[in-house]
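Novice: The structure's right below; bear with me while I get my questions together.
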Amino acid sequence: MSITAEQAAGLAAKSRSGVTEVEAYGNKLGLWSMWVAFAALALGLPMGLFQAAERSGFFPGIENTAVYFASTSTHGVLLAFVLTTFFAMGWGHHTLAHVLKKKPFFGWTSFWVALTGTVIAAVPLLTGYASVLYTFYPPEMGHPAFYLGATLLVVGSWFWVADMIIGMTQWRKENPGKPVPLVAFMHVMTALLWGWTSMGVASEAVFQLLPMAFGISATIDPGLARTLFSWTLHAIVYFWLMPAYIAMYMIVSKEAGGKLFSDEFARIAFVMLFIFSVPIGFHHLYVDPMQAAGWKLLHMFGTIMVAVPTFLTGFTVLASMEIAGRLRGGKGLFGWIGALDWGNPLVLAGGLSLLMLTAGGWGGVLNAAYTWDVMVHNTQWITGHFHLIFGGTTVIMYLAAAYWLWPRITGNALFSRKLAVTQLWLYFIGMVTLTAPWHVLGLVGQPRRVSSTPYDAFPELVASWSVYEALMIVGGVILVISGFMFIYNLLMTHFNKVPAADTKVEYAVAIHEPMRVPNILNSLSFWNWAMLAYMIVSYGYPILQFAFIGTPGSIRWGT
Amino acid sequence: MATIHIDPLEKRWIWMVGGMVVIFYAVQIYYAAVHNLHPPSNVEVIDSAKLHLSEEFAEDKLGVKQEADGSYTVTMVAARYGFYPQEISVPANTPIKLRIASFDVLHGVHVPFSNMNTMVVPGYVSEVHTQFVKEGDFPMICNEYCGLGHDYMYSKLHVTGAKS
């Protein structure tokens, strides 16, 4: 392998022994991005507990509708936008520096723009001037600063998307014909997905929300706004989930003590996640009046297709873990499971995450069917579902990835492996205790997005919900405790005086490490064109129709 | 052109996943084609600010109407913070068409334990075709955040025994 001038300069300027300048840059940027992410988690978790308690009606002293909706709006923005975006940016930049050996072109620019946006949005959110929940809800309008801040957060993330694409393009030019290292390919696909995904909400903000918030336009078409938001609303979930899948493929397989079952299959799963997760947002509009049934059917078929890469991921990760279990002496059909090292936080998190993915994934397949969706749309079933898949499956892998990355970034040993294992078990138990009754509440008719249930004409129905609400509070308490154990462990690692035994950033390698892969699994241009074509088919007419169906505009309303 | 390595186990798994997807598609197509189950999707616009002046949604036109073929049409307005009229009565096991328009912001309607569920988007008329199979009293709950009084937004639905 040839060494470029930049790498040579980097080698000369080691800040920690064995760490190049580029790697040090990736470490610092990655560390601070991910600290912002986990600060959002630490703030957001207690808000969730407050909401479960406030809504139950068990504690009259804390009941306050205005505070509830301000809290829900902030909880949603912190966990769904801030935690996820900063985690993906941090680990992505870190991978760019460590795996592709590229210094990010924009780097800190993305961090500061996104952080500035977050702070600008936080002020109206926390003071109750933007209680429009995280899906925005025009024609109700919050304070202009909220939309401005949220837009800046997205714009900041676009610098990161550009960084990832530039980094991979440079690497491919310098390494013609070689497969882009799998972990880098996955991060770049995640960034590319976010680029395409965020265009929907960005258009809503730029063409509809900001003009109205600043008084430039007097009316808004909420049908168009909802259609544009749906463009973002499903794929954003995959933007959250893909880093969790990367942790399963690339870290769990290695920590379990085995090899990745297949490199190519993982690439296929990631390009499928990319292409199938964006043009299918209409399953959020199944019961909306402004889109026709045929488009909903088309998007439903696409929605079911996105289960395929998840099935592939489950297969490859489980097969890789089975190899590890058998290498460790596990015998028989299931003996390999017991042979795995469940005291390793990464292995444990991988196993627990896959359990939650299995339950939540089947729930998702149900939700994809509109015949089922009409019975649960906007009920607590939906909130239960996405907390299981996002809060559970996804975030537990963020936590585990942090346990793995922190010693490698800071050079300090993980403060307590035992505490990490206890924390992960508590997180799993808390999440199951929270989400199982939450699903049931939806089936027995409780709507989501309410701060109380004063349906006084139906006392029996309301009384039947109490037991599930009590269980949810128990789950929330466990999750908050687990969350603070995580933050404590991470802080103590950050300031740990004991150096880490292993600081090498080495990800899992496949049994058959490919020397070459087809260009289609190694480049972005084909997938960009495919996405453009699929988006024109699935969103072209449904968006264009608003130009000629003549919807009378809606005036703005406060909350 | 490089080829990719696919394990025989992976091939078998691809067939299984493909088979599952085909089953999911078949179930949906069957219910759409044979049982005529479709999501509410009529793409019909209306001026939300002028509902009180419209033919269909003026205050004295709202409520339950029996059609010549024995089916029922229910016309309702959703407005902060109620559905009007606030109490309606329809027979069980009878085709019902609900037409609902919003006077102001986004709302939604759900009748628990049924597939009566639709968003009510200002500027559009929502139309749902359904039959209520269970007799009894049910809340029609606003299931979309519509402002700080949203919790209190519901009305009553009486599903009565089949008509004589």
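Chains as they are written, first to last, in the numbering used here: chain B, 234 to 792; chain F, 26 to 189. Glycine is no exception: its CB is placed at the ideal position from the N, C-alpha and C atoms.
1) Report yes or no: is there a C-beta of chain F within less than 9 Å of the C-beta of residue 788 of chain B?
2) Suppose you measure from the CA of residue 139 of chain F to the CA of residue 767 of chain B; what does that come to, to the nearest Å?
3) Anything in chain F within Cβ reach of residue 782 of chain B, meaning under 8 Å, just list it in chain order.
4) How far does the beta strand (DSSP E) with residue 100 of chain F in it reach, from first residue to last?
5) Count the other C-beta atoms from every protein chain shown that fall within 10 angstroms of the C-beta of residue 360 of chain B, then say buried if there are 16 or more, exposed otherwise.
6) Is the CB of residue 494 of chain B under 9 Å away from at least one CB in chain F?
7) Which whole-angstrom value is the C-beta distance of residue 330 of chain B and residue 259 of chain B, which I expect to be below 8 Å?
8) Which chain F residues are close to residue 792 of chain B, counting only those with a beta carbon under 7 Å from its beta carbon?
9) At the level of alpha carbons, what is the spacing between residue 678 of chain B and residue 613 of chain B?
10) Return the chain-ordered ranges of every alpha helix (DSSP H) run that is complete within the region 303-348 of chain B and spans a minimum of 4 residues.
11) The alpha helix (DSSP H) that contains residue 496 of chain B, what's its start and end?
12) Helix, strand or coil: which one does DSSP assign to residue 463 of chain B?
13) Please identify, using Cβ separations under 7 Å, the residues of the region 123-144 of chain F that lie next to chain B, in order along the chain.
14) Along the chain, which unbroken stretches of the alpha helix (DSSP H) at least 4 residues long are found entirely within the region 672-736 of chain B?
15) So, with DSSP's three-state summary, where would you put residue 513 of chain B?
16) Hey, how far is the Cα of residue 321 of chain B from the Cα of residue 274 of chain B?
17) Determine whether the Cβ of residue 681 of chain B lies closer than 9 Å to any Cβ atom of chain F.
18) Check each candidate in B:641, B:339, B:276 and name the one with the smallest Cα separation from residue 484 of chain B.
19) Name the one or two DSSP bridge partners that residue 453 of chain B has.
20) Does residue 120 of chain F pass the burial test, meaning 16 or more other C-beta atoms within 10 Å, or should it be called exposed?
21) Taking the straight line between their C-alpha atoms, what separation do you get for residue 792 of chain B and residue 774 of chain B?
22) For the structure I just gave you, are there three or more beta carbon pairs, one from the region 54-62 of chain F and one from the region 515-525 of chain B, closer than 8 Å?
23) In whole angstroms, what separates the C-alpha of residue 247 of chain B from that of residue 737 of chain B?
24) Within a Cβ cutoff of 6 Å, which residues of the same chain sit near residue 177 of chain F, ignoring the five residues on either side of it in sequence?
25) Which residues, taken in chain order from the region 38-58 of chain F, show a beta carbon closer than 9 Å to some beta carbon of chain B?
26) According to a CB-to-CB cut-off of less than 9 Å, which residues of the region 506-535 of chain B neighbour chain F?
27) Let me see if you follow: with CB-CB separation under 9 Å, is residue 107 of chain F close to chain B or not?
28) Is any beta-carbon of chain F found at less than 9 Å from that of residue 738 of chain B?
29) Could you please give me the residues that DSSP links to residue 116 of chain F through a beta bridge?
30) Return the CA-CA distance between residue 410 of chain B and residue 172 of chain F, expressed in angstroms with no decimal places.
31) When you compare the CB of residue 121 of chain F with every CB in chain B, is at least one pair closer than 9 Å?
32) Can you tell me whether residue 161 of chain F is buried or exposed? The criterion is at least 16 other CB atoms within 10 Å of its CB, across all chains shown.
33) In three-state terms, what does DSSP make of residue 600 of chain B?
34) Pull up the distance between the alpha-carbon of residue 748 of chain B and that of residue 407 of chain B, whole angstroms please.
35) Under 9 Å, Cβ to Cβ, is there at least one residue of chain F near residue 745 of chain B?
36) Unbroken beta strand (DSSP E) runs of length 3 or more, entirely within the region 554-622 of chain B: which are they?
Specialist: Inspection of the coordinates gives the following:
1) For the purposes of this step, residue 788 of chain B is identified with residue 555 of the first sequence, where counting begins at 1. So, interface residue.
2) Taking the second sequence and counting its residues from 1, the one referred to as residue 139 of chain F is at position 114. Taking the first sequence and counting its residues from 1, the one referred to as residue 767 of chain B is at position 534. Rounded to whole angstroms, residue 139 of chain F to residue 767 of chain B spans 34 Å at the Cα level.
3) Your numbering for residue 782 of chain B matches position 549 in the first sequence. Those within 8 Å of residue 782 of chain B in chain F are 68, 70.
4) Start at 1 with the first residue of the second sequence, and residue 100 of chain F comes out as number 75. That run of the beta strand (DSSP E) goes 97-104.
5) For the purposes of this step, residue 360 of chain B is identified with residue 127 of the first sequence, where counting begins at 1. With fewer than 16 other Cβ atoms within 10 Å, it is exposed.
6) Mapped onto the first sequence, residue 494 of chain B falls at position 261. Yes, residue 494 of chain B lies at the interface with chain F (some Cβ there is under 9 Å from its Cβ).
7) The residue you call residue 330 of chain B lines up with position 97 of the first sequence. The residue you call residue 259 of chain B lines up with position 26 of the first sequence. Correct: roughly 2 Å between the Cβ atoms.
8) On the first sequence, position 559 is the one that residue 792 of chain B refers to. Simply 172, 173.
9) Position 445 of the first sequence, counted from the start, is the residue given in the question as residue 678 of chain B. Position 380 of the first sequence, counted from the start, is the residue given in the question as residue 613 of chain B. Cα to Cα, the separation comes out at about 8 Å.
10) 317-331
11) Mapped onto the first sequence, residue 496 of chain B falls at position 263. Its alpha helix (DSSP H) spans residues 496-510.
12) Counted from its first residue, the first sequence places residue 463 of chain B at position 230. Residue 463 of chain B: helix per DSSP, three-state reduction.
13) 129, 130, 131, 133, 135, 137, 138, 140, 142, 143, 144
14) 692-696, 699-727
15) To locate residue 513 of chain B, count along the first sequence from 1; it is residue 280. It is coil, neither helix nor strand.
16) The residue labelled residue 321 of chain B in the question sits at position 88 within the first sequence. The residue labelled residue 274 of chain B in the question sits at position 41 within the first sequence. Their backbone Cα atoms lie some 14 Å apart in a straight line.
17) In the first sequence, counting from the first residue as 1, residue 681 of chain B sits at position 448. So yes, residue 681 of chain B belongs to the interface.
18) The sequence position of residue 484 of chain B within the first sequence is 251, counting from 1. That would be B:641, whose Cα lies nearest to the Cα of residue 484 of chain B.
19) Residue mapping note: residue 453 of chain B aligns to position 220 of the first sequence, counting from 1. Answer is B:787, bridged to residue 453 of chain B.
20) As a first step, residue 120 of chain F is located in the second sequence; it is residue number 95 there, counting from the start. Residue 120 of chain F comes out exposed.
21) For the purposes of this step, residue 792 of chain B is taken as residue 559 along the first sequence, with counting starting at 1. For the purposes of this step, residue 774 of chain B is taken as residue 541 along the first sequence, with counting starting at 1. Cα-Cα distance, rounded: 32 Å.
22) Cβ pair count under 8 Å is below three, so no.
23) Locating residue 247 of chain B in the first sequence gives position 14, counting from the first residue. Locating residue 737 of chain B in the first sequence gives position 504, counting from the first residue. Per-residue confidence for residue 247 of chain B stands at a pLDDT of 43, beneath the threshold of 50, marking its modelled position as unreliable; no derived number is given.
24) For the purposes of this step, residue 177 of chain F is taken as the residue at position 152 of the second sequence. Same-chain partners within the cutoff: 106.
25) 38, 39, 41, 42, 43, 45, 46, 49, 50, 52, 53, 54, 56, 57
26) Contact residues of the region 506-535 of chain B toward chain F are 518, 519, 520, 521, 522, 523, 524, 525, 526, 527, 528, 529, 530, 533, 534 (C-beta to C-beta distance below 9 Å).
27) Your numbering for residue 107 of chain F matches position 82 in the second sequence. False, the Cβ-Cβ gap to chain B never drops below 9 Å.
28) Locating residue 738 of chain B in the first sequence gives position 505, where the first residue counts as 1. So, not an interface residue.
29) Mapped onto the second sequence, residue 116 of chain F falls at position 91. Its beta-bridge partners are F:185.
30) On the first sequence, position 177 is the one that residue 410 of chain B refers to. On the second sequence, position 147 is the one that residue 172 of chain F refers to. If you take the alpha carbons of residue 410 of chain B and residue 172 of chain F, they lie about 57 Å apart.
31) Translated into the one-based positions of the second sequence, residue 121 of chain F becomes position 96. Residue 121 of chain F does not count as touching chain B.
32) Within the second sequence, residue 161 of chain F is the residue found at index 136, counting from 1. Counting Cβ neighbours within 10 Å, residue 161 of chain F comes out exposed, since fewer than 16 surround it.
33) Here residue 600 of chain B corresponds to residue number 367 of the first sequence, with the count starting at 1. Helix, per DSSP.
34) As a first step, residue 748 of chain B is located in the first sequence; it is residue number 515 there, counting from the start. As a first step, residue 407 of chain B is located in the first sequence; it is residue number 174 there, counting from the start. For residue 748 of chain B and residue 407 of chain B, the distance between alpha carbons rounds to 16 Å.
35) To locate residue 745 of chain B, count along the first sequence from 1; it is residue 512. Yes, residue 745 of chain B lies at the interface with chain F (some Cβ there is under 9 Å from its Cβ).
36) none
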